[in-house]
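In the working numbering, the protein residues as written are 8 to 113.
In structure tokens, the structure reads:
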């Protein structure tokens, strides 16, 4: 991974932070999507073999980052924070695709 440019390394880090995937799975998904995060999410969630590298501890940490402090659910504020983290506007159709993938596979 050290041979990648800063932009690609940043995308791998973002992808790993959001999905909990390993660097190997992140690299594979991002390459398959021509380095587009949204496409990489689609690729990752549509290929279950990549998710076997996901650390469940990391998923719990990620959930705790976005969940509401008073209710054990991710509410509007958490979704807004997630959108900011992955640099996707709340109103973009890509976001709906992302959440559909999450609902289908989890």
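We put the CB at the ideal spot given by N, CA and C, even for glycine.
The structure displayed is predicted, hence computed values, not measured ones.
query	result
Cβ-Cβ distance between residue 50 and residue 105 below 9 Å	no
Own chain partners of residue 75 with C-beta closer than 8 Å, once the 5 adjacent residues on each side are dropped	81, 82, 84 and 85
When 17, 68 and 40 are compared against residue 53, the one with the closest alpha-carbon	40
Cα-Cα separation between residue 108 and residue 43, rounded to whole angstroms	16 Å
Selection from 65, 11 and 21 that minimises the alpha carbon distance to residue 90	21
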